[in-house]
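Residue numbers (full-length UniProt numbering), protein chains in the order written: chain P, 1 to 364; chain X, 1 to 364. Heads up, the beta-carbon is just placed ideally off N, CA and C, and yes, glycines get one too. Inspection log for the structure reproduced underneath, given as structure tokens.
Protein chains: 2
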Amino acid sequence: MGYTVAIVGATGAVGRTIAAKLEERNFPADRVKFLASARSAGTRVQFRGEDHVVEEAVPEQFDGVDIAFFSAGGGVSKGLAPEAVRRGATVIDNTSAFRMDPHTPLVVPEVNRADLQGHSGLIANPNCSTIQMVCALEPVRKKYGLERVIVSTYQAVSGAGAEAIEELGHQGADMDGRGKSDASLLPVKDASRHYPVAYNAIPQIDSFGKDGYTLEEWKMINETKKILGMPELRVSATCVRLPVVTGHSESVYFETGDPAADEAGIRAALEAAEGVTVLDNPADQLYPMPLFAEGKDDVFTGRLRKDPDVPGAFHLWVVSDNLLKGAALNSIQIAEALIADGAVKGEGADGTRQHLDGNGHAVR
Amino acid sequence: MGYTVAIVGATGAVGRTIAAKLEERNFPADRVKFLASARSAGTRVQFRGEDHVVEEAVPEQFDGVDIAFFSAGGGVSKGLAPEAVRRGATVIDNTSAFRMDPHTPLVVPEVNRADLQGHSGLIANPNCSTIQMVCALEPVRKKYGLERVIVSTYQAVSGAGAEAIEELGHQGADMDGRGKSDASLLPVKDASRHYPVAYNAIPQIDSFGKDGYTLEEWKMINETKKILGMPELRVSATCVRLPVVTGHSESVYFETGDPAADEAGIRAALEAAEGVTVLDNPADQLYPMPLFAEGKDDVFTGRLRKDPDVPGAFHLWVVSDNLLKGAALNSIQIAEALIADGAVKGEGADGTRQHLDGNGHAVR
């Protein structure tokens with residue numbers, strides 16, 4: 001018997017990609033409920049060749065749901081995810097709402113799958129930029145150790161949603177009129193200033209937090225430490241939005257602390273890593289680029305080279321589809337890991353399960 | 001009495017900008033000769049309200065020339081710049097041909113103007129990415145010292161010439177067809193593979209050199225050490241081409257080695273620096289961006305913040321117009337400094353000058 005799955009934020013860029021990937025991967029779902037805000041309710045979406053009507057995400061929708069994917073913004077997750085958990089669903093939340101909560105596992109299955117054990121019904125999916133970086137760093141850490149990371153990002157607009165893609169399309173159509181186009185979304189929809197992203201580079205993603213860093217930069221710093229289980233790791237980040245539709249790129253500097261670490265060894269570790277593809281041949285001009293990572297599941301790595309001055313330190317270029325491994329795919333991989341490990345809530349290793357209603361009573 | 005000036009590469013993106021800036025700055029030129037390859041000879045250019053015919057750059061053209069600006073590629077400079085010098089011209093070369101020659105000064109006037117003294121007729125203008133970075137780093141170095149630099153660049157296509165701007169225009173017009181557009185110029189015109197730059201990020205600028213670094217990256221590493229006069233400085237670079245028309249951006253990490261260095265002190269040093277504008281107010285979303293640096297002379301700095309882990313280390317976002325301070329403007333500022341310092345070749349501090357023909361004889 002398969003699972004009842006809910007997608008909250010079903011009309012958004014990530015929600016649509018989750019549905020597409022569930023279908024493509026033959027995820028064991030008997031039923032999928034498409035949920036969104038009242039504004040988007042009534043929209044029709046295609047799934048397994050059939051039309052489905054998107055319904056409003058209200059607490060009662062989660063009765064009988066086994067696994068709920070949330071990607072409708074932090075506010076929706078804060079309000080509804082605990083309701084869904086209370087009703088027996090295991091929630092995989094793609095917002096930043098619970099990521100740094102010490103009781104919520106923050107998981108990239110290839111890196112810290114063991115953290116799923118003993119969860120309380122809520123698992124957080126990390127920030128897109130963080131996921132692809134830790135996928136590349138974990139094989140290095142396991143082999144040589146890891147002491148320091150400095151990353152500068154080159155991020156796509158689809159990370160800011162479907163509207164941002166549309167706006168880039170309008171702005172990009174007229175290079176000669178660059179800078180004069182309307183801008184109403186980036187860098188932050190609710191902020192007071194908006195800048196065109198076409199033919200530009202905006203060094204702000206999300207709002208500014210403390211010490212001059214943006215929240216996106218703090219996410220990369222703090223989530224990396226949590227996922228790798230290294231609170232003492234030295235990490236810093238600069239996050240920049242670019243006129244790229246989909247595919248985040250990262251210029252990553254890392255110190256292993258092991259002077260014996262060499263390029264061949266790092267390359268071998270990356271080549272052996274699950275979900276990582278090495279695309280690195282300067283002589284043939286082969287390296288990852290966002291335009292060619294779009295639509296692909298893997299994290300692509302290239303431009304690996306020794307730092308000229310610091311033994312055991314390297315530079316790496318890391319590219320991945322921010323809607324796939326950065327969001328939808330990783331969320332589904334978390335669900336698949338939960339299923340394989342018998343860790344979906346209310347489900348024993350024997351496959352039996354029960355759901356609870358809002359009052360904690362079994363509903364089946 | 002003013003100077004006779006030659007512009008070699010007068011039809012290119014940098015050559016045209018040099019002419020425009022000579023005019024705008026009332027450069028003391030009695031006569032300007034517009035020179036280019038045989039292919040471009042005959043083209044007409046506007047200068048001081050008059051049409052000028054571009055002539056072929058051959059050695060004889062430099063007889064009687066006081067100052068020659070070269071920006072027609074390294075091959076042309078290697079062949080013709082020594083000829084121009086032999087004929088008495090002071091050459092300011094905007095290519096990489098002579099930059100690392102130990103006998104050739106490599107100059108950013110705000111940083112190492114003193115290196116102009118005792119030149120032998122040839123002065124090299126640094127790489128665009130290097131110029132804007134050292135403008136930002138020198139005030140820091142003077143105040144606190146400098147031990148280490150790690151830079152990731154976000155570079156505009158105009159650094160690859162006027163044709164690259166046109167190609168981006170075609171590619172950018174159709175976001176939905178991204179990746180399917182013709183690409184015949186970037187990353188390197190003569191290389192075997194070309195990639196679309198629109199809606200992409202290409203982690204290759206110039207050819208690959210040794211150790212997996214590109215020549216652009218080695219330029220940033222080696223030129224920075226030479227200009228700052230710090231052969232022991234630890235520098236590394238990752239250079240990336242973006243769908244931006246004009247304006248290079250850089251994410252710069254630097255260690256001063258002085259644990260007492262603080263943001264306020266760095267900011268004060270940048271604010272006091274000639275040619276540097278600080279645009280840095282997170283609360284008001286103010287930071288430099290290439291779209292707004294285009295056409296402006298200054299090097300813009302912002303997003304200054306302490307590294308979270310290393311005392312005396314900081315992150316800075318540096319943006320400048322790569323055709324202006326990165327090329328044409330810096331070349332003209334070198335010429336202006338030579339004039340002010342009485343260091344134009346064959347010219348004494350009393351303003352008298354003489355030119356030599358190809359045989360070393362005075363021609364006037």
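is_contact[residue i, chain X] using C-beta, thresh 9 Å
| i | result |
| --- | --- |
| A283 of chain P | yes |
| D341 of chain P | no |
| S236 of chain P | yes |
| V299 of chain P | no |
| E216 of chain P | no |
| E271 of chain P | no |
| D176 of chain P | yes |
| M133 of chain P | no |
| A162 of chain P | no |
| A261 of chain P | no |
| E294 of chain P | yes |
Own chain partners of residue i with C-beta closer than 7 Å, once the 5 adjacent residues on each side are dropped
| i | result |
| --- | --- |
| Y287 of chain X | L279, D280, G302, R303, W317 |
| F47 of chain X | A19, E23, V32 |
| residue 369 of chain P | Because chain P spans 1 through 364 in this model, residue 369 of chain P falls outside it and cannot be assessed. |
| V108 of chain X | P126, I131, V134, C135, I227, N330 |
| N112 of chain X | I227, G229 |
| A160 of chain P | L185, L186 |
| H103 of chain P | S120 |
| D297 of chain P | L324, K325, L329 |
| T214 of chain P | Q204, I205, D206, S207, F208, C239 |
CB-CB length for residue i against residue j, believed under 8 Å
| i | j | result |
| --- | --- | --- |
| C239 of chain P | E217 of chain P | 5 Å |
| V151 of chain X | V252 of chain X | 5 Å |
| I332 of chain P | I123 of chain P | Not confirmed; about 12 Å, so no contact. |
| I221 of chain P | S236 of chain P | 7 Å |
| V5 of chain P | A41 of chain P | Contact flag wrong, Cβ pair sits at about 18 Å. |
| Y3 of chain P | D101 of chain P | The pair is not a contact, with the Cβ atoms about 25 Å apart (cut-off 8 Å). |
Any chain P beta carbon closer than 9 Å to residue i
| i | result |
| --- | --- |
| A191 of chain X | yes |
| G229 of chain X | no |
| R87 of chain X | no |
| L323 of chain X | no |
| R148 of chain X | yes |
| E223 of chain X | no |
| M100 of chain X | no |
| G257 of chain X | no |
| L168 of chain X | yes |
| L356 of chain X | Unreliable placement is indicated for L356 of chain X, whose pLDDT of 49 sits below 50; no coordinate value is reported for it. |
| L137 of chain X | no |
| K345 of chain X | no |
Nearest candidate by alpha-carbon position, reference residue i, set the options
| i | options | result |
| --- | --- | --- |
| V310 of chain P | X:A19, X:A260, X:R234 | X:R234 |
| T256 of chain X | X:K142, X:T104, X:F98, X:E110 | X:K142 |
| D211 of chain P | X:P282, X:I67, X:V188 | X:P282 |
| I165 of chain X | P:A261, P:Y195, P:V157, P:Y199 | P:Y199 |
| D321 of chain X | X:L338, X:S236, X:A293 | X:A293 |
| V14 of chain P | P:R193, P:A124, P:F70 | P:F70 |
| K180 of chain X | X:K189, X:V188, X:D190, X:H194 | X:H194 |
| D176 of chain X | P:A114, P:V245, P:T214 | P:V245 |
| A57 of chain X | X:I67, X:I339, X:S37, X:A68 | X:S37 |
| V299 of chain P | P:Q285, P:G312, P:P308, P:V276 | P:V276 |
| K21 of chain P | P:I339, P:G295, P:P308, P:D101 | P:G295 |
| I339 of chain X | X:A173, X:F27, X:E60, X:L80 | X:F27 |
| D190 of chain X | P:G64, P:Q285, P:G79, P:G49 | P:Q285 |
Neighbourhood of residue i by C-beta, 6 Å cutoff - its chain only, sequence neighbours within 5 removed
| i | result |
| --- | --- |
| M1 of chain X | none |
| S249 of chain P | Y154, P290, V319 |
| G121 of chain X | V85, T90, K345 |
| F34 of chain X | I7, A10, V45, H52, V54 |
| A327 of chain P | V14, N94, C128 |
| S77 of chain P | F70, D93, T95, A97 |
Cβ shell of residue i (< 8 Å), same chain only, five flanking positions each side left out
| i | result |
| --- | --- |
| G74 of chain X | T95, S96, A97 |
| L146 of chain P | L137, V140, L228, M230, L233, F254, E255, T256, G257 |
| R178 of chain X | Q171, P196, A198, Y199, N200 |
| D262 of chain P | K306 |
| P82 of chain X | L122 |
| R267 of chain X | V278, D280, L304 |
The region 304-316 of chain X: which residues have C-beta closer than 8 Å to a C-beta of chain P, in chain order? Against chain P - using a Cβ distance shorter than 8 Å - the residues of the region 304-316 of chain X are L304, R305, K306, D307, P308, D309, V310, H315.
Between the region 193-205 of chain X and chain P, which residues of the former have CB atoms less than 8 Å from a CB of the latter, in chain order? Listed by position, the residues of the region 193-205 of chain X near chain P (Cβ gap below 8 Å) are R193, Y195, P196, A198, Y199, N200, A201, I202, P203, Q204.
Chain P contacts made by the UniProt domain "Semialdehyde dehydrogenase NAD-binding" (4-119) of chain X, where a contact means CB separation under 8 Å: Correct list: empty, as no residue qualifies.
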